[in-house]
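Structure first, commentary second.
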Amino acid sequence: MDADLVLFNGKVYTLDPGRPRVTALAMRDGKIIFAGDDSTARAMLAAGPGAEAVDLKGSCALPGLTDAHLHFEWLSLGWQRVNAETPSLDEALARVAERAARTPEGGWVLGYGWNHNAWGEQLPSAADLDRVAPGHPVSLGAKSGHALWVNTRALALAGISAQTADPPGGRIVRDAAGRPTGILLEDAQQLVEAVIPTPAPDELAEAMRQAIPIVQRAGLTGVHDMDGPQAFVAEQILHERGELTLRIVKSIPLDHLDEAIGLGLRSGFGDDWLRLGHIKMFADGALGPQTALMLQGYETARGNTGIATTPIEKINAAVHRANAAGLACAIHAIGDRANRQVLDVFEEVLPLAGRLRMRNRIEHVQLLDPADQPRLGKLGVVASMQPSHATSDMLMADRHWGPRSAGAYALKTQLNHGAVLALGSDCPVEAIQPLPGIHAAVTRRRADGSPGPQGWYPEQRLSVEEAVRGFTWGAAYAAGLEDRLGTLAPGKLADVTILDQDIFAIEPMEILKVQVLGTVVGGKFVWRAAALA
Ligand SMILES: [Zn+2]
Numbered sequence: 019m020d021a022d023l024v025l026f027n028g029k030v031y032t033l034d035p036g037r038p039r040v041t042a043l044a045m046r047d048g049k050i051i052f053a054g055d056d057s058t059a060r061a062m063l064a065a066g067p068g069a070e071a072v073d074l075k076g077s078c079a080l081p082g083l084t085d086a087h088l089h090f091e092w093l094s095l096g097w098q099r100v101n102a103e104t105p106s107l108d109e110a111l112a113r114v115a116e117r118a119a120r121t122p123e124g125g126w127v128l129g130y131g132w133n134h135n136a137w138g139e140q141l142p143s144a145a146d147l148d149r150v151a152p153g154h155p156v157s158l159g160a161k162s163g164h165a166l167w168v169n170t171r172a173l174a175l176a177g178i179s180a181q182t183a184d185p186p187g188g189r190i191v192r193d194a195a196g197r198p199t200g201i202l203l204e205d206a207q208q209l210v211e212a213v214i215p216t217p218a219p220d221e222l223a224e225a226m227r228q229a230i231p232i233v234q235r236a237g238l239t240g241v242h243d244m245d246g247p248q249a250f251v252a253e254q255i256l257h258e259r260g261e262l263t264l265r266i267v268k269s270i271p272l273d274h275l276d277e278a279i280g281l282g283l284r285s286g287f288g289d290d291w292l293r294l295g296h297i298k299m300f301a302d303g304a305l306g307p308q309t310a311l312m313l314q315g316y317e318t319a320r321g322n323t324g325i326a327t328t329p330i331e332k333i334n335a336a337v338h339r340a341n342a343a344g345l346a347c348a349i350h351a352i353g354d355r356a357n358r359q360v361l362d363v364f365e366e367v368l369p370l371a372g373r374l375r376m377r378n379r380i381e382h383v384q385l386l387d388p389a390d391q392p393r394l395g396k397l398g399v400v401a402s403m404q405p406s407h408a409t410s411d412m413l414m415a416d417r418h419w420g421p422r423s424a425g426a427y428a429l430k431t432q433l434n435h436g437a438v439l440a441l442g443s444d445c446p447v448e449a450i451q452p453l454p455g456i457h458a459a460v461t462r463r464r465a466d467g468s469p470g471p472q473g474w475y476p477e478q479r480l481s482v483e484e485a486v487r488g489f490t491w492g493a494a495y496a497a498g499l500e501d502r503l504g505t506l507a508p509g510k511l512a513d514v515t516i517l518d519q520d521i522f523a524i525e526p527m528e529i530l531k532v533q534v535l536g537t538v539v540g541g542k543f544v545w546r547a548a549a550l551a
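Per the numbering used here: the sequence shown = residues 19 to 551.
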């Protein structure tokens, strides 16, 4: 059979148990037609000279990496914004001026990341921004998230003047004469945020179109998008235009369950580029603000057991209705009580879910009571986890959860109990790159080496293969796609991630330095470093 792309001379890890290591892959019409040795691949090339042959020069190839939990709208819009994390005020102003120059008059200039402590302590002002962008409303969020820096035009659009009272929970910073200076603290930020227009579908599609190459360059061939219907619209626009070169599994927020059922939508509807995933719901808050729902109070606040953001009765009813209609569910659960309650729901729905082969999942699975640890595996619930959260949050977890952290971010425990791990980043909460995620899963250490050579709760470290499996086969399984994606074998979709070093062989801390040389989606290079030219 004629191939149209042949990769040879590689260290190819197929994750296919029948043939785990090969050196060559041949693809045709978006699918893998051969995984094996170089001499057979060469014979295929000789027989069908139309194929492109790429010498991998000993580099490492994996099934295309998929991020099983990220926010595609949020990250795409975030990457459009001015990066205001600069060493000086002047540098931040120069970036605003540059953005204003290519934004139509009157259009918003949005940015994020400033920290006046790095600029000599004094808070910046509306007047600073007015000098560089008088014709545009400007709104720049502080890195801390607790302050907004805006210009006069933005203050006017928000109706903020010397007469405006401070809103509850917020403060409008004022000069000696009582005039707003352009800094809004805490809940006063919402006065401006409320008047910033949400992007039109075409604008969001454009932001996503610009984000896709960055995602592909990170080595990802697919993502599970947890954002809302406006993201779904924009993704469909890209798909209609033939510009969707990243596979997207799209979740739907719980608020739209009735509409999904009413329309007769089922998980899996769509095609290999854009398909319907899960009904997404939230059982609790998060560790940072101590709103994760806990069996016992926080170490730092014994009386606080967190917040059930959706009543469990509502989640229970929704899961039963969704599963009965053919819609699988993905439920955010951080605290040990939230996870227990969600597992109770999944246990109750099991006769139905099992019969309908629903790929129900828990998002984050951050803290489990020991009694609940075996339950995901037993109930066939996918553990959708983010290894970078473990190393980002470890100090916070130790502080707020104390010794209970032994059951936190417990990836290996979940594998040991037979749960399928689907791994992701939660980008933009963490960086988009999957390799630091694999590194965190394998080492349980930060880039600086902390907390030490063994890592944080070292018994939870994964092997490289286990981590890669979570970003490939596990992510595919979570979406019911394991017959099409997740391993490199004939008949599978031709998605491949090519790395400059063999991550199975190098010192695990070195995984952070590995470069993505190529990303192949549907048998075509969507990112290709010069080294593979
Ligand atoms: Zn998320």
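All residues carry an ideal CB built from backbone N, CA and C; glycine is no exception.
> With respect to 7 Å, is the separation between the Cβ of Asp411 and the closest non-hydrogen atom of ligand 1 below this value?
Replying inline: Here the question's residue 411 lines up with position 393 in the sequence shown. No, the beta carbon of Asp411 sits no closer than 7 Å to any heavy atom of ligand 1.
> ligand 1: which residues have Cβ under 6 Å from any of its heavy atoms, chain order?
Replying inline: His87, His89, Met244 and Asp444
> Taking the continuous beta strand (DSSP E) assigned at Pro198, which residues delimit it?
Replying inline: The residue you call residue 198 lines up with position 180 of the sequence shown. Looking at the DSSP string, the run of the beta strand (DSSP E) that includes Pro198 is Pro198 to Glu204.
> At a cut of 8 Å, does the segment 365 to 382 reach the segment 414 to 423 through at least three beta carbon pairs?
Replying inline: no
> If Ile270 and Ile297 are in contact, beta carbons under 8 Å, what's the gap, nearest whole angstrom?
Replying inline: To locate residue 270, count along the sequence shown from 1; it is residue 252. To locate residue 297, count along the sequence shown from 1; it is residue 279. At roughly 6 Å, the Cβ-Cβ gap stays under 8 Å, so Ile270 and Ile297 are in contact.
>> Under DSSP, the beta strand (DSSP E) around Gly280 begins and ends at which residues?
In response: Along the sequence shown, one-based indexing puts residue 280 at 262. Run containing Gly280: none in the beta strand (DSSP E); it sits in the alpha helix (DSSP H), Leu275 to Leu281.
>> Extract the residue ranges of the alpha helix (DSSP H) inside the segment 169 to 195, only unbroken runs of 4 or more that lie entirely within it.
In response: 170 to 175
> Which one of Ala507, Ile524 and His435 has the shortest CA to CA distance from Val40?
Replying inline: Along the sequence shown, one-based indexing puts residue 40 at 22. The option with the nearest alpha carbon to Val40 is Ala507.
> Where in the segment 310 to 367 do unbroken runs of the alpha helix (DSSP H), each at least 4 residues long, occur, reported from the N-terminal end onward?
Replying inline: 330 to 342 and 354 to 366
> Going by DSSP, which residues form a beta bridge with Glu70?
Replying inline: For this step, residue 70 is matched to residue 52 along the sequence shown. Answer is Leu23.
> In chain order, what residues of the same chain lie with their CB nearer than 7 Å to the CB of Phe300, ignoring the 5 residues before and after it?
Replying inline: Here residue 300 corresponds to residue number 282 of the sequence shown, with the count starting at 1. The answer, listed in chain order, is Thr327, Thr328 and His350.
>> I believe Gly177 touches Asp205 by the beta-carbon criterion, under 8 Å. Please report the beta-carbon distance rounded to the nearest angstrom.
In response: The count along the sequence shown starts at 1 and reaches residue 177 at position 159. The count along the sequence shown starts at 1 and reaches residue 205 at position 187. That belief does not hold up - the Cβ atoms of Gly177 and Asp205 are roughly 16 Å apart, past 8 Å.
> At what residue ranges does the segment 218 to 256 contain a whole run of the alpha helix (DSSP H), taking only runs of 4 or more?
Replying inline: 219 to 235
> So Leu386 packs on Pro405, CB below 8 Å; how close in whole Å?
Replying inline: Within the sequence shown, the letter at position 368 stands for residue 386. Within the sequence shown, the letter at position 387 stands for residue 405. So it is not a contact: roughly 16 Å between Cβ atoms.
> By DSSP, does His407 sit in helix, in strand, or in coil?
Replying inline: Here residue 407 corresponds to residue number 389 of the sequence shown, with the count starting at 1. It is helical.
>> Give me the residue from Asp220, Ala144 and Arg149 with the minimum Cα distance to Ile190.
In response: Stepping through the sequence shown from its first residue, residue 190 is reached at position 172. Looking at the Cα atoms, Ala144 is the closest of the given residues.
> DSSP state of His296, grouped into three classes?
Replying inline: Along the sequence shown, read from residue 1 onward, the residue named residue 296 stands at position 278. DSSP places His296 in strand when its eight states are reduced to three.
>> Taking a contact to mean a Cβ-Cβ separation below 8 Å, would you say Leu292 touches His338 in this structure?
In response: Numbered from 1 along the sequence shown, position 274 holds the residue referred to as residue 292. Numbered from 1 along the sequence shown, position 320 holds the residue referred to as residue 338. No, Cβ-Cβ distance for Leu292 and His338 is not below 8 Å.
> Is there contact here, the segment 486 to 497 with the segment 240 to 251, by at least three beta-carbon pairs under 8 Å?
Replying inline: yes
> Should His164 go down as buried or exposed, given a rule of 16 or more other Cβ atoms within 10 Å for buried?
Replying inline: Looking up residue 164 in the sequence shown gives position 146. His164 should be labelled exposed.
> Hey, Pro446 and Gly96 are a contact pair by Cβ (cut 8 Å); roughly how many whole angstroms apart?
Replying inline: Looking up residue 446 in the sequence shown gives position 428. Looking up residue 96 in the sequence shown gives position 78. Going by Cβ atoms, the distance from Pro446 to Gly96 rounds to 5 Å, so yes, they are a contact pair.
> Residues bridged to Leu83 by DSSP?
Replying inline: Within the sequence shown, residue 83 is the residue found at index 65, counting from 1. DSSP output for Leu83 lists Leu238 as bridge partner(s).
>> Strictly under 8 Å for the Cβ-Cβ distance: is Thr170 near chain E by that measure?
In response: Here there is only one protein chain, and chain E is not present.
> Do you know how far the Cα of Lys29 is from the Cα of Asn334?
Replying inline: The sequence position of residue 334 within the sequence shown is 316, counting from 1. The sequence position of residue 29 within the sequence shown is 11, counting from 1. Using only the alpha carbons, I get a separation of about 47 Å.
>> Tell me the residue span of the beta strand (DSSP E) that contains Ser57.
In response: Walking along the sequence shown from the start, residue 57 turns up at place 39. Note, Ser57: premise wrong, no beta strand (DSSP E); alpha helix (DSSP H) at Asp56 to Ala65.
>> Taking the straight line between their C-alpha atoms, what separation do you get for Ala310 and Gln359?
In response: As a position in the sequence shown, residue 310 is number 292, starting the count at 1. As a position in the sequence shown, residue 359 is number 341, starting the count at 1. Taking the straight line from one Cα to the other gives about 13 Å.
> Shortest alpha-carbon distance to Ser423 belongs to which of Ala118, Glu317 and Pro38?
Replying inline: Here residue 423 refers to the residue found at position 405 when the sequence shown is read from its first residue. Ranking the options by Cα distance to Ser423, first place goes to Glu317.
>> Between the alpha carbons of Ser179 and Asp193, how many angstroms are there, rounded?
In response: The residue given as residue 179 occupies position 161 in the sequence shown. The residue given as residue 193 occupies position 175 in the sequence shown. Distance between the alpha carbons of Ser179 and Asp193 is about 12 Å.
> How would you call Gly492, buried or exposed, if buried means at least 16 neighbouring beta carbons within 10 angstroms?
Replying inline: Walking along the sequence shown from the start, residue 492 turns up at place 474. That one is buried.
> Given that a residue counts as buried once 16 or more other Cβ atoms are within 10 Å of its Cβ, and exposed if not, what is Leu202?
Replying inline: Position 184 of the sequence shown, counting from 1, holds the residue named residue 202. Under this definition Leu202 is a buried residue.
> Just to confirm, are Leu74 and Leu25 a CB contact at a threshold of 8 Å?
Replying inline: Taking the sequence shown and counting its residues from 1, one reaches residue 74 at position 56. Taking the sequence shown and counting its residues from 1, one reaches residue 25 at position 7. In this structure, Leu25 lies closer than 8 Å to Leu74 by Cβ.
> Taking just the CA atoms, how far does Phe250 sit from Leu173?
Replying inline: Residue numbering aside, residue 173 sits at position 155 when the sequence shown is read from its first letter. Residue numbering aside, residue 250 sits at position 232 when the sequence shown is read from its first letter. Distance between the alpha carbons of Leu173 and Phe250: 32 Å.
> How would you write the range of the alpha helix (DSSP H) that Gly288 sits in, first residue to last?
Replying inline: Here residue 288 refers to the residue found at position 270 of the sequence shown. No alpha helix (DSSP H) contains Gly288, which DSSP labels as neither H nor E.
> What does a CB cutoff of less than 6 Å around Asp20 pick up in its chain, not counting 5 residues either side in sequence?
Replying inline: Numbered from 1 along the sequence shown, position 2 holds the residue referred to as residue 20. Excluding residues within five positions, the ones whose Cβ falls inside 6 Å are Gly66.
> With C-beta atoms as the reference, is Lys161 less than 8 Å away from Gly131?
Replying inline: One-based indexing of the sequence shown puts residue 161 at position 143. One-based indexing of the sequence shown puts residue 131 at position 113. Closer than 8 Å, so yes.
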